[in-house]
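Before any comments, here is the structure.
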Amino acid sequence: MSGLRNTKAALLSLLFSVSLIAQEAKLKSEPMFQLSPLKGVNFVLRNSPTSRKYLIETMPGGVALLDYNNDGLLDIFLVNAGHVRDPMNTPISFDRHEPAYWNRLYRQNKDGTFTDVTEQAGLASAGDTNYGMGVAVGDYDNDGFPDIYVTNFGKNILYHNNGDGTFTDVTAKAGVAGGGWSVSAGFLDYDNDGKLDLFVTRYLDWSIEKSKTCGSEKPTYCPPGEFPATTNILYHNRGNGTFEDVSVASGIAAKKGHGLGVAFADYDGDGYTDIFVANDAMEQFLFHNNRDGTFTETALDSGAALTSNGKMLSGMGAAFQDYDNDGLPDLLVTELPHQPYIVFHNDGRGSFSAQELETGFGALSGRSSGWGVGLEDFDNDGWKDAFVVQGHVFDNVEMYDSSLRYKEPPLLALNHQGHFEKADAGSDVAVAGRGAAFGDLNNDGWMDVVATSLGERPQLYLNRGGKLHWLTIALRGKRSNRDGYGARVLVNGQVRFATATGSYLSSNDKRLHFGLGSAETANIEIRWPSGAHQALRNIKADQFLMIEESDQP
Amino acid sequence: MIHALLLVCLFMQMQSAEPPVPPEALALLQSGLDAENRRDLDQAVASFRKAADLAPSAGIVFLRLGDAYIKKRDYAAAIPPLNRAVELSPDSPVVHQLLGYALLAEGYAAKAIPHLEIVHEHGALGVAQIEAGLPAEAVANLQAALAKSPDDPDLLYYLSRAGTLLSSQALDKLLSAFPDTARGHQAAGQNLFVMKMFPEAAKEYQRALELRPDLPGLRLELGQVFAASSNWEKAAEQFREEAKLQPGNAEAAYRFGDALLQLGKMKEATEELRRSDSLRPDMPETLYSLARAAAASDPGMAEHALARVIELEKESPLAGQAYLALAGIHRKQGKTQQAASEIQEYRRIQSLNSRHAPTKQ
Chain A
1 MSGLRNTKAA
11 LLSLLFSVSL
21 IAQEAKLKSE
31 PMFQLSPLKG
41 VNFVLRNSPT
51 SRKYLIETMP
61 GGVALLDYNN
71 DGLLDIFLVN
81 AGHVRDPMNT
91 PISFDRHEPA
101 YWNRLYRQNK
111 DGTFTDVTEQ
121 AGLASAGDTN
131 YGMGVAVGDY
141 DNDGFPDIYV
151 TNFGKNILYH
161 NNGDGTFTDV
171 TAKAGVAGGG
181 WSVSAGFLDY
191 DNDGKLDLFV
201 TRYLDWSIEK
211 SKTCGSEKPT
221 YCPPGEFPAT
231 TNILYHNRGN
241 GTFEDVSVAS
251 GIAAKKGHGL
261 GVAFADYDGD
271 GYTDIFVAND
281 AMEQFLFHNN
291 RDGTFTETAL
301 DSGAALTSNG
311 KMLSGMGAAF
321 QDYDNDGLPD
331 LLVTELPHQP
341 YIVFHNDGRG
351 SFSAQELETG
361 FGALSGRSSG
371 WGVGLEDFDN
381 DGWKDAFVVQ
391 GHVFDNVEMY
401 DSSLRYKEPP
411 LLALNHQGHF
421 EKADAGSDVA
431 VAGRGAAFGD
441 LNNDGWMDVV
451 ATSLGERPQL
461 YLNRGGKLHW
471 LTIALRGKRS
481 NRDGYGARVL
491 VNGQVRFATA
501 TGSYLSSNDK
511 RLHFGLGSAE
521 TANIEIRWPS
531 GAHQALRNIK
541 ADQFLMIEES
551 DQP
Chain B
554 MIHALLLVCL
564 FMQMQSAEPP
574 VPPEALALLQ
584 SGLDAENRRD
594 LDQAVASFRK
604 AADLAPSAGI
614 VFLRLGDAYI
624 KKRDYAAAIP
634 PLNRAVELSP
644 DSPVVHQLLG
654 YALLAEGYAA
664 KAIPHLEIVH
674 EHGALGVAQI
684 EAGLPAEAVA
694 NLQAALAKSP
704 DDPDLLYYLS
714 RAGTLLSSQA
724 LDKLLSAFPD
734 TARGHQAAGQ
744 NLFVMKMFPE
754 AAKEYQRALE
764 LRPDLPGLRL
774 ELGQVFAASS
784 NWEKAAEQFR
794 EEAKLQPGNA
804 EAAYRFGDAL
814 LQLGKMKEAT
824 EELRRSDSLR
834 PDMPETLYSL
844 ARAAAASDPG
854 MAEHALARVI
864 ELEKESPLAG
874 QAYLALAGIH
884 RKQGKTQQAA
894 SEIQEYRRIQ
904 SLNSRHAPTK
914 Q
């Protein structure tokens, strides 16, 4: 009898949940997001387009959402590009000493406004020979304060967070300047030693001197195949403030590509972080972590290299999270028009299948160029949705194909149990979108987006929120790295891989956000990179939860 | 060599018809022929000129002079003596032939045509007619020439050029004389499509459809415009209508099925692609799309279709794609070894085709 009652109760509860979600969907006649001003942020992404069509001009710039002063509010770091002369003569200078071309750090105030703290934080100097690209955030020295790594065409810069609101350029000491054309980067602990390592994608073996235009009658930017491919970089954290370039020893440098985006996840569940690199106009790279400090590139054999019709893709941004709640991280890769954004569904046993058509992206993205991308549960219904910032590479693309646009509004695609459908993103404003970082900027439990676009101020897509429940988890590693990057967190059947890396050139809020639908409590399971396993039951919904790694394995 | 023989024959004919040539002129004519045999064309020309001065009514002398100039590739200089030869021997085919060639070589196509017509020189006549803006006549003559020499690359080239010109002429007339007809808008749409002006092309097709909604093929072309701009919803709509209009058209069924595939409607796509396959079996593209659509629901059917693609396409890029798709199916089934060997085949075909692909300039 009591069994029957329980079944009835469960059924009623299920029906109630379904109707609440349906009601929520009904109420959602207004757009998910509101394009809102970032009060106090006067940053303009100055990419300096020229008639010479230097390829770097069309690729910046990154954005990071981080809490640099640990006050519980997300701050914004924006990477600027530089002044490109038309033509550019030697000696090369991008005038990064001029304030108009500085990267900028904006501290969020309690009232939601921002204050420019760039100069006082010691982040003003970006190096005249550096043209800015992307940003990665991670606490590489486990001191509790997030550090910032900026990628450039030129030399990259590692800023150590001193914990007092200032940063110190420690690049030379750390040995992570790289060189060439670095694009996206991310911190990860690939050997699970508790110290964050660093991965940097590089695009091409290109220089101002080697630059050329393509398209005889209508000159424009050349495709990547016009220049030699190059290698990505992996730095191993020695733990003493220095890093060792292990690109060759780890096997990462064995493959040359046209790296743009990077995303991390443990796709085969072996407890070690794997690396996906979105390559432009070639096969994608999936570096499988061999658990011995080396990697094997397996994209083609795993089914994550090409589109479903066996074509190369112009991979730009990437998100590596589980969109269909089967517990396995999948990939969403953005690219150029006439091919949809690609979904590589993780089929288990270390293999993927391209399912861009089955998931609905064939109808959503064939005419668009996608860059920054996130798989986040924007409507808190328990399914991760997709948000993509868009805009073509060519600023004169309309002359080549009048059905395409250089500037485009973003794409919001809501996830209906694994199938994506377009939704109103709350803005029809067309921009040359590039970077995008995802996080809960106003701590209301609903994920927001900060995006960059060429020649313009950043856009804030502020989530209007709703009635469904959520849970946001901050990890604090002890034996694992302090950020908890690499942890697998399971909440009410949904999995997130802990990382701030993904999208394009950008770094996301490191907190892990889960939409809970109508559930008012959550069960949480965490597998830490150290191997420790933690479970929490009946955790109240609608809260920010900090979980410290247990001392028990 | 042919010229020399023809000229000898003609020489014999003309000698009997014309007034006798003075002996001094005959001697110079002989001296010119000797020089030609020695390949001393300048000396030949000098001898023939002197002979012409001595025998201004002897057609053979002017013919020899014109021929010597042609051998020197000095077509401009060949024209006056050949014109004189025509005046003197209007019924001589070889004179018309040489004059026709010389005029054509100098760009006087229209003037060359009557001379080439007299000698039924179909190939050269066709070329002259192309240059003179008469592609329809050129097509007929070039086809006649090709009937005799079917593997002549020059003739094949000129026939293709004549065909293009003919089509362009018809198109120009259609567009200028009948711009607001369904066919006029269709042709304009085709032009804009080639120029990748997809929205503009779509407007032209839509106007054509307003005028003649039942014109077969219009919706198929409009659908392709939408497909080229990745507007798959609209493409599917047009292909669906075309498939209704022409239920026996395998291409319409294939295009509709492929659009449904792009929209992720795998079940409907499978049905339509199977229908296309039954209308026109063994179309590799149809089979490949069918395999993609059916891969999840009916892997057996997908495998069969891909095997057929490989059989038909051997080592083409599409065969490579088929191996890759097979690998995907087998990987999902846990047949990792089979998948690995299919990946190997894919790589082999890729490398084969990249070696054959033209290099980028």
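Chains as they are written, first to last, in the working numbering: chain A, 1 to 553; chain B, 554 to 914. Glycine is no exception: its CB is placed at the ideal position from the N, C-alpha and C atoms.
Span separating the alpha-carbon of residue i from that of residue j
i      : j      : result
A/F320 : A/K384 : 11 Å
A/A81  : A/Y101 : 7 Å
A/P49  : B/M819 : 43 Å
B/K797 : B/G810 : 13 Å
B/N784 : A/V333 : 20 Å
A/F243 : A/R202 : 18 Å
A/Y504 : B/V692 : 58 Å
A/A304 : A/T166 : 41 Å
B/V862 : B/L871 : 8 Å
A/D191 : A/Q108 : 34 Å
B/I896 : A/E283 : 14 Å
A/P529 : A/G486 : 6 Å
B/I683 : B/Q815 : 45 Å
B/F601 : B/P576 : 14 Å
B/G817 : B/S842 : 12 Å
A/D143 : A/V170 : 15 Å
B/E795 : B/L719 : 29 Å
A/I275 : A/N289 : 8 Å
A/P146 : A/L545 : 19 Å
A/S427 : A/T151 : 30 Å
A/H416 : A/A430 : 26 Å
A/Y461 : B/P834 : 51 Å
Nearest-angstrom Cβ-Cβ length linking residue i and residue j, presumed shorter than 8 Å
i      : j      : result
A/Y140 : A/N237 : 6 Å
A/I148 : A/F77  : 6 Å
B/N532 : B/G881 : Residue numbering for chain B in the displayed model covers 554 to 914; residue 532 of chain B lies beyond these limits and cannot be assessed.
Minimum Cβ-Cβ distance from residue i to chain B less than 8 Å
i      : result
A/R367 : yes
A/Y235 : no
A/S351 : yes
A/T201 : no
A/L204 : no
A/H288 : no
A/A386 : no
A/H416 : no
A/T58  : no
A/D347 : yes
A/P337 : yes
A/N538 : no
A/E358 : yes
A/N309 : yes
Beta carbon proximity, residue i to chain A, threshold 8 Å
i      : result
B/G881 : yes
B/K756 : no
B/I896 : yes
B/N784 : yes
B/M750 : yes
B/L859 : no
B/Q874 : yes
B/E864 : no
Any C-beta of chain E under 8 Å from that of residue i
i      : result
A/P409 : The structure shown contains no chain E; the protein chains it does contain are A and B.
Looking at C-beta atoms only, is the number of pairs between the stretch 655-671 of chain B and the stretch 624-636 of chain B that lie closer than 8 Å three or more?
yes
Output the residue ranges of the beta strand (DSSP E) runs that lie fully inside the stretch 46-117 of chain A and measure 3 residues or longer, sorted by chain position.
63-66, 75-78, 104-108 and 114-116
3-residue-minimum beta strand (DSSP E) runs that sit fully inside the stretch 337-407 of chain A, ordered along the chain
342-348, 351-354, 370-376 and 385-390
For the stretch 763-777 of chain B against the stretch 311-327 of chain A, are there 3 or more C-beta pairs whose distance is under 8 Å?
no
Does the stretch 363-380 of chain A come close enough to the stretch 509-516 of chain A that 3 or more CB-CB pairs lie under 8 Å?
yes
Could you tell me whether the stretch 850-860 of chain B touches the stretch 287-307 of chain A, where touching means 3 or more Cβ pairs closer than 8 Å?
no
Sufficient close CB pairs (3 or more, under 8 Å) joining the stretch 253-267 of chain A to the stretch 176-184 of chain A
yes
Report the residue ranges of all beta strand (DSSP E) runs contained in full by the stretch 172-244 of chain A; include only those spanning at least 3 residues, in chain order.
182-188, 197-202 and 233-237
Using 8 Å as the Cβ pair cut-off and three pairs as the minimum, do the stretch 352-372 of chain A and the stretch 480-498 of chain A touch?
no
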